[in-house]
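Asker: Residue numbers for the sequence shown follow this note's numbering, so the first one is 404 and each next one is one higher.
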Amino acid sequence: MYSIELLGHLKIRVCVALLLFVLVFQSTRLWRNGHTLRRETVLSIRSKPVATSNSASDIPYPFYNETCEDEHPENFARAFELWPSKVPLPCYEPDRNWKSSASQYTKTRKGLIFLSPFKTGSTTATGVHLRLARNIALRQHAKFDVCKNRFRHTKAVHLVPNRSRDQSFLWTIVRDPTKRAVSSFFYDMSGHQDPTDAHFKKWIRILATSNRLKDHYLRRFATSPLRYIRSGEEGGYTYTRKDNDIEIVKNIFADYDFMAITERMDESLVAMSMLMGAPLADILYIIDNKSGGQFSRHSTRDKCKYLLPSFVTSGMKEFFRSAFWQDIVHWDHVIYQAANRSLDMTIERLGPKFKRKLAQYRTAKEMALLRCAPRTVFPCSEGGEFRPDNATDCMYLDTGCGNECLDEVATELDLW
């Protein structure tokens, strides 16, 4: 039999051995995690995150704090109205050189107006907008081939501060604000820097300091000027709005004729077409896949840009739970939720016919993808070769593409 003293020594040795094993295992794990720089660099943030897990799958994404009662989306949401059936859609003669920046950034009181936010599926939405402008003009007029329109990235206050509600149709699109930020980050990093957590942190701080990131939708969609007070020093400015944010959001939802949802694109486009009294043929589209991992036309240069596939690290997820980030996207999330609820209310008002139209539209989309994608000439080849505008099948840059083929599909399926 072992003495009590000997048993005590054995227990101590076993405990020490187990402790050493755990320390070695954890050190090896940390060393490995530290060398997966691109995906798992631990992100240092200004405020302590709620989540502590190192596993990306353990952290909810996207995450948002609950809103207080007076900021609840139900307070802003509304069912969008039908365009009067006896009133023609607002199609007017386009500006000379309507595709140019000089035209697109000029204020207007009338026409078909799409307010295009960054990284929200705006390429798709712009393509639909241009097809609508083309088709409505063909039905209503013989003297011009596209209706007066606006579709570029800008602020509503610069474009439609005093629009005529009877002579214009104003719409926009929203995406989950955190997902929009991730997409923007990878787009900006493509061809410049590796998308590490450290670069993500730096990117966020630069945009936050310059007031380009916080409340993106609220500032883009407001049709009246917003007033700010700037405080702090260069490199660390903060901006405080003097206006009542709740009233700004209420006015936004009152001002727009429709708000589409990126994650519910099919439902959004079908609902909008029914509100406008436009046939499903008008909202068919075909685009080159821009989700990453291939080439896209550069927005300002005659060249193709390789888009990095996006991903979300555990460090980024932890950052998105921080108070710092929640403050940045607070009102964008309110607007996004209210837009979703508005779409639900609009669909409810449209009734059973909506479901049938949606099924018909999705069938047409599948046919268009199979038939038109191989035939459509986009600005960038699969290998990144640039094609000039006059060599593509697109109305503007990489949007509004493949219209003749889409017309064939619409005719075959009786969508006019």
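For every residue, glycine included, the Cβ atom is placed at its ideal position computed from N, Cα and C.
If I measure Cβ to Cβ from G805 and keep anything under 6 Å in the same chain, skipping five residues before and after, which residues do I get?
Answerer: Closer than 6 Å at Cβ, skipping near neighbours: I689, C775, T779 and D796.
Asker: Restricting to Cα atoms, I'd like to know which of L710, E484 and V549 is closest to M679.
Answerer: Comparing Cα positions, the closest option is E484.
Asker: Express the C-alpha separation of F479 and D658 in angstroms, rounding to a whole number.
Answerer: Going by the C-alpha atoms only, they are around 12 Å apart.
Asker: By the DSSP assignment, the alpha helix (DSSP H) with G718 in it spans what residues?
Answerer: S717 to F723
Asker: Specify, as a first and last residue, the run of the alpha helix (DSSP H) that C471 falls within.
Answerer: Per DSSP, C471 belongs to no alpha helix (DSSP H) and is neither H nor E.
Asker: Need the endpoints of the alpha helix (DSSP H) that S745 sits in, please.
Answerer: H733 to L753
Asker: Can you find the residues in the same chain that come closer than 8 Å, C-beta to C-beta, to W819, ignoring five residues on each side of it along the sequence?
Answerer: P682, A684 and A813, listed in sequence order.
Asker: On a CA-only basis, which of F781, D730, Y764 and A674 is nearest R752? Give me that one, please.
Answerer: A674
Asker: Around the Cβ of F714, are there at least 16 other Cβ atoms within 10 angstroms (buried) or fewer (exposed)?
Answerer: exposed
Asker: When you compare only the Cα positions, how much space is there between N532 and F521?
Answerer: The question names Asn, but residue 532 in the sequence shown is His. Approximately 16 Å, taken between the alpha carbons.
Asker: So if DSSP puts L518 in a beta bridge, which residue, or which two residues, is it bridged to?
Answerer: T575
Asker: From D691 to D801, what does the alpha carbon distance come to, in whole angstroms?
Answerer: Near 8 Å, if we compare the C-alpha coordinates of D801 and D691.
Asker: I'd like the list of long-range same chain contacts for R449, defined as Cβ closer than 6 Å, with 5 residues on each side in sequence excluded.
Answerer: Because R449 sits at a pLDDT of 33, beneath the cut-off of 50, its placement in the model cannot be relied upon, and the following sentence gives the value as read from the coordinates. Hits under 6 Å: F727.
Asker: Going by DSSP, what residues sit across from M662 in a beta bridge?
Answerer: T575
Asker: Helix or strand or just coil, what does DSSP make of Q596?
Answerer: coil
Asker: Taking H803 as part of the beta strand (DSSP E), name the residues at either end of that continuous run.
Answerer: This sequence places Gly at residue 803; His is not what is there. It spans T802 to C804 - the beta strand (DSSP E) in which G803 sits, taken as one unbroken run.
Asker: Taking just the CA atoms, how far does D648 sit from A559?
Answerer: 16 Å
Asker: What are the start and end residues of the beta strand (DSSP E) that includes L710?
Answerer: Start and end: C707 to L710.
Asker: Among the candidates R765, T626, A540 and S504, whose CA atom is the shortest distance from the CA of G514?
Answerer: Answer by Cα proximity: A540.
Asker: Quick check on DSSP: helix, strand or coil for C494?
Answerer: coil
Asker: Buried or exposed: I609, going by 16 or more other Cβ atoms within 10 Å of its Cβ?
Answerer: exposed
Asker: Determine the DSSP secondary structure at N647, reduced to helix, strand or coil.
Answerer: coil
Asker: Straight-line CA distance for D579 to Y739?
Answerer: 6 Å
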